[in-house]
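Sequence order for the protein chains is A and B.
Per my numbering, numbering through the first sequence is continuous, rising by one, with the last residue being 176.
Per my numbering, numbering through the second sequence is continuous, rising by one, with the last residue being 345.
We put the beta carbon where it would ideally sit given N, CA and C, even for glycine.
Predicted, not measured: the structure shown is a model, and the values here were computed from it.
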Amino acid sequence: MGKNLENEEWREEAPTLSGVPVRDVFSVPKNYFEELSASIEAKKSVDNLRNMAAEEAFSVPTDYFEKMRADIVAKTKSPSKVLKIWRSNVLKYASAACFVLVAGLGVYFYQEQPSQSVNYVEIANEQMLFDIDEDVIIDHIQGTEAAITPVSADQSDLESYILTNFSTTELTAEY
Amino acid sequence: MKQVEDSEILEKFSNEKTRNEAFNLLLNKYQQKIYWHVRRLVIDHDDADDVVQDVFIKVWKNLEKFRSDSQLYTWIYRIASNESITFLNKKKQRNNTPLDEVSSELSETLIASSYFNGDKIQMKLQQAILTLPDKQRLIFNMKYFDELKYEEISEITGTSVGALKASFHIAVKKVEAFMLNDDITF
């Protein structure tokens with residue numbers, strides 16, 4: 002009775018709503034409720050099977066999940082990358098050969114360099130002489146010759162020098 | 160067919176040998192009530208079917224822990240109500256539906272539903288109910304259709320009787336106003 006009174010209170014506040022018959026307006030497919038129990042039973046069996054498989058079929062070593070977690074965390078911290086230069090023997094020996102070649106070329110060019118520097122000096126001197134006026138050079142030689150003290154030598158010394166250093170053909174040739 | 164008492168179901172369920180029988184009795188007794196309760200909330204039949212199956216799987220898993228300090232049917236109603244509200248919330252998130260468009264989405268589902276037997280006035284009533292927030296809709300349905308007492312609804316929803324009365328009063332006013340609006344026709 003109390004239940005009915007409680008459910009009648011609102012009718013005075015909402016006469017339009019009160020005039021609408023209370024009934025379920027939704028429907029279900031044919032034989033739905035007959036099949037619903039079977040569907041729930043099937044789902045229950047699958048759920049039981051899933052639980053059984055999850056709990057009993059497989060096992061793991063003791064503390065496996067703790068160790069797995071630690072391993073995964075350790076793997077996420079990537080170490081600093083090490084680049085191996087000589088990963089193969091071919092590359093190693095090729096590098097060594099290149100080094101020897103470069104060193105050899107270095108030594109070779111180092112030895113060649115002094116003679117080249119001398120050549121550079123001679124060329125520079127020649128260029129300098131070429132640039133100086135000819136009269137200035139002649140005057141310089143004459144002035145120098147005058148200053149040079151004549152070297153004294155015996156006649157016999159001169160003859161022996163000439164005979165030693167020049168051939169008969171050279172001496173008889175006409176100039 | 161004589162309805163089996165909840166106490167008998169619980170007693171049979173406590174025995175390992177008669178557990179399956181008890182669950183079948185429970186299904187026979189409550190599956191239709193729970194279906195209609197869920198259907199009025201989620202509107203679509205297929206959605207209601209999914210939710211009802213989940214509800215009874217939950218009942219099966221947790222019935223062992225059920226304490227007789229509350230009635231069995233209010234306990235099952237609570238599970239069904241929570242599952243329905245959770246389902247609706249998930250659906251809103253999945254479809255990325257703004258809150259103000261939720262009722263219109265359910266309304267479209269209702270209009271498109273091939274499992275609706277009502278006339279125009281019944282359709283208008285359902286549209287009016289769909290304008291209510293989910294929790295208020297839940298309370299309105301339990302009072303209007305299931306004619307449950309406030310104490311029973313309080314046990315199901317965990318809301319005080321006073322708050323339930325206020326909520327139902329507001330819901331009735333909103334539905335009445337919607338029904339009186341002649342601009343809305345179907």
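Straight-line gap, residue i to residue j (C-alpha atoms, nearest Å)
{"i": "residue 319 (chain B)", "j": "residue 62 (chain A)", "result": "51 Å"}
{"i": "residue 263 (chain B)", "j": "residue 290 (chain B)", "result": "8 Å"}
{"i": "residue 167 (chain A)", "j": "residue 159 (chain A)", "result": "12 Å"}
{"i": "residue 309 (chain B)", "j": "residue 324 (chain B)", "result": "7 Å"}
{"i": "residue 69 (chain A)", "j": "residue 76 (chain A)", "result": "10 Å"}
{"i": "residue 16 (chain A)", "j": "residue 22 (chain A)", "result": "12 Å"}
{"i": "residue 170 (chain A)", "j": "residue 161 (chain A)", "result": "16 Å"}
{"i": "residue 163 (chain A)", "j": "residue 135 (chain A)", "result": "32 Å"}
{"i": "residue 304 (chain B)", "j": "residue 170 (chain B)", "result": "31 Å"}
{"i": "residue 88 (chain A)", "j": "residue 100 (chain A)", "result": "18 Å"}
{"i": "residue 144 (chain A)", "j": "residue 133 (chain A)", "result": "16 Å"}
{"i": "residue 138 (chain A)", "j": "residue 129 (chain A)", "result": "12 Å"}
{"i": "residue 246 (chain B)", "j": "residue 284 (chain B)", "result": "23 Å"}
{"i": "residue 220 (chain B)", "j": "residue 207 (chain B)", "result": "20 Å"}
{"i": "residue 25 (chain A)", "j": "residue 334 (chain B)", "result": "17 Å"}
{"i": "residue 90 (chain A)", "j": "residue 98 (chain A)", "result": "12 Å"}
{"i": "residue 223 (chain B)", "j": "residue 241 (chain B)", "result": "19 Å"}
{"i": "residue 39 (chain A)", "j": "residue 46 (chain A)", "result": "10 Å"}
{"i": "residue 314 (chain B)", "j": "residue 217 (chain B)", "result": "18 Å"}
{"i": "residue 395 (chain B)", "j": "residue 250 (chain B)", "result": "Because chain B spans 160 through 345 in this model, residue 395 (chain B) falls outside it and cannot be assessed."}
{"i": "residue 292 (chain B)", "j": "residue 67 (chain A)", "result": "46 Å"}
{"i": "residue 42 (chain A)", "j": "residue 48 (chain A)", "result": "10 Å"}
{"i": "residue 36 (chain A)", "j": "residue 280 (chain B)", "result": "32 Å"}
{"i": "residue 92 (chain A)", "j": "residue 84 (chain A)", "result": "14 Å"}
{"i": "residue 2 (chain A)", "j": "residue 307 (chain B)", "result": "Per-residue confidence for residue 2 (chain A) stands at a pLDDT of 44, beneath the threshold of 50, marking its modelled position as unreliable; the derived number appears in the next sentence. So the alpha carbons of these two residues sit roughly 13 Å apart."}
{"i": "residue 201 (chain B)", "j": "residue 254 (chain B)", "result": "15 Å"}
{"i": "residue 110 (chain A)", "j": "residue 131 (chain A)", "result": "31 Å"}
Per DSSP, cross-strand counterpart(s) of residue i
{"i": "residue 159 (chain B)", "result": "Residue 159 (chain B) lies beyond the range of chain B shown here (160 to 345); nothing can be said about it."}
{"i": "residue 275 (chain B)", "result": "A:27"}
With 16 other Cβ atoms within 10 Å as the buried cut-off, status of residue i
{"i": "residue 104 (chain A)", "result": "exposed"}
{"i": "residue 316 (chain B)", "result": "buried"}
{"i": "residue 126 (chain A)", "result": "exposed"}
{"i": "residue 9 (chain A)", "result": "exposed"}
{"i": "residue 127 (chain B)", "result": "No information on residue 127 (chain B) is available, as it lies outside the stretch 160 to 345 that chain B covers here."}
{"i": "residue 141 (chain A)", "result": "exposed"}
{"i": "residue 51 (chain A)", "result": "exposed"}
{"i": "residue 198 (chain B)", "result": "buried"}
{"i": "residue 271 (chain B)", "result": "exposed"}
{"i": "residue 121 (chain A)", "result": "exposed"}
{"i": "residue 311 (chain B)", "result": "buried"}
{"i": "residue 286 (chain B)", "result": "buried"}
{"i": "residue 210 (chain B)", "result": "buried"}
{"i": "residue 337 (chain B)", "result": "buried"}
{"i": "residue 108 (chain A)", "result": "exposed"}
{"i": "residue 82 (chain A)", "result": "exposed"}
Endpoints, alpha helix (DSSP H) assigned at residue i
{"i": "residue 230 (chain B)", "result": "Per DSSP, residue 230 (chain B) belongs to no alpha helix (DSSP H) and is neither H nor E."}
{"i": "residue 169 (chain A)", "result": "169-173"}
{"i": "residue 197 (chain B)", "result": "178-201"}
{"i": "residue 312 (chain B)", "result": "309-316"}
{"i": "residue 60 (chain A)", "result": "Per DSSP, residue 60 (chain A) belongs to no alpha helix (DSSP H) and is neither H nor E."}
{"i": "residue 172 (chain B)", "result": "165-173"}
{"i": "residue 165 (chain A)", "result": "156-166"}
{"i": "residue 298 (chain B)", "result": "293-303"}
{"i": "residue 19 (chain A)", "result": "16-19"}
Collapsed DSSP secondary structure at residue i in the structure displayed
{"i": "residue 321 (chain B)", "result": "helix"}
{"i": "residue 70 (chain A)", "result": "helix"}
{"i": "residue 248 (chain B)", "result": "helix"}
{"i": "residue 268 (chain B)", "result": "helix"}
{"i": "residue 208 (chain B)", "result": "helix"}
{"i": "residue 281 (chain B)", "result": "helix"}
{"i": "residue 32 (chain A)", "result": "coil"}
{"i": "residue 306 (chain B)", "result": "coil"}
{"i": "residue 145 (chain A)", "result": "helix"}
{"i": "residue 340 (chain B)", "result": "coil"}
{"i": "residue 77 (chain A)", "result": "helix"}
{"i": "residue 134 (chain A)", "result": "coil"}
{"i": "residue 83 (chain A)", "result": "coil"}
{"i": "residue 128 (chain A)", "result": "helix"}
{"i": "residue 286 (chain B)", "result": "helix"}
{"i": "residue 89 (chain A)", "result": "coil"}
{"i": "residue 241 (chain B)", "result": "helix"}
{"i": "residue 255 (chain B)", "result": "coil"}
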